[in-house]
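Chemist: In our numbering, the protein residues as written are 328 to 442. Quick reminder that beta carbons are idealized off the backbone N, C-alpha and C, glycines included. Below are the structure tokens for one structure; questions will follow.
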């Protein structure tokens, strides 16, 4: 398996270098894996294989999605700690469902990604 891994890495690196040398777009600030997906789509096309259903077609922001799930579950399970404010806003006493400073900061960090 090691030799095939090395060949794939060498070919992938060569393709990236060609794109850079040709002054083609190889980087998008909000999508770091844009070029990798493009190259792997090319692999599938060249091998005459269908692109699998699970192959990502765009950016996958699992950090933001995880934050949404965490805060949705907190809201649904502990609504009494959330207070409705003017302008369709909520305020929350996060100390009521955090086990320590690290846990509290983690929840706050997820919140910043989805607000």
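Residue 408 and residue 420: beta carbons closer than 8 Å?
Modeler: Cβ atoms of residue 408 and residue 420: closer than 8 Å.
Chemist: Please determine if the region 396 to 410 and the region 423 to 433 are in contact, where contact requires at least 3 C-beta pairs separated by less than 8 Å.
Modeler: Judged by Cβ distances under 8 Å, the region 396 to 410 makes contact with the region 423 to 433, as three or more pairs qualify.
Chemist: In the DSSP assignment, what are the bridge partners of residue 418?
Modeler: DSSP output for residue 418 lists 410 as bridge partner(s).
Chemist: Does the count of Cβ pairs from the region 381 to 392 and the region 354 to 367 closer than 8 Å reach three?
Modeler: They touch, by the three-pair rule.
Chemist: Classify residue 334 as buried or exposed, calling it buried when 16 or more other Cβ atoms lie within 10 Å of its own Cβ.
Modeler: That one is exposed.
Chemist: Between the C-alpha atoms of residue 377 and residue 336, what's the straight-line distance to the nearest angstrom?
Modeler: Using only the alpha carbons, I get a separation of about 21 Å.
Chemist: Taking residue 367 as part of the alpha helix (DSSP H), name the residues at either end of that continuous run.
Modeler: First-last of the alpha helix (DSSP H) with residue 367: 361 to 373.
Chemist: Please report the residue range of the alpha helix (DSSP H) in which residue 393 lies.
Modeler: Counting along the chain, the alpha helix (DSSP H) containing residue 393 begins and ends at 389 to 404.
Chemist: What does the alpha-carbon distance come out to for the pair residue 342 and residue 423?
Modeler: Going from the Cα of residue 342 to the Cα of residue 423 covers about 52 Å.
Chemist: Considering only the alpha carbon of each residue, which of 437, 345 and 374 lies closest to residue 401?
Modeler: Residue 401 has its Cα closest to that of 437, out of 437, 345 and 374.
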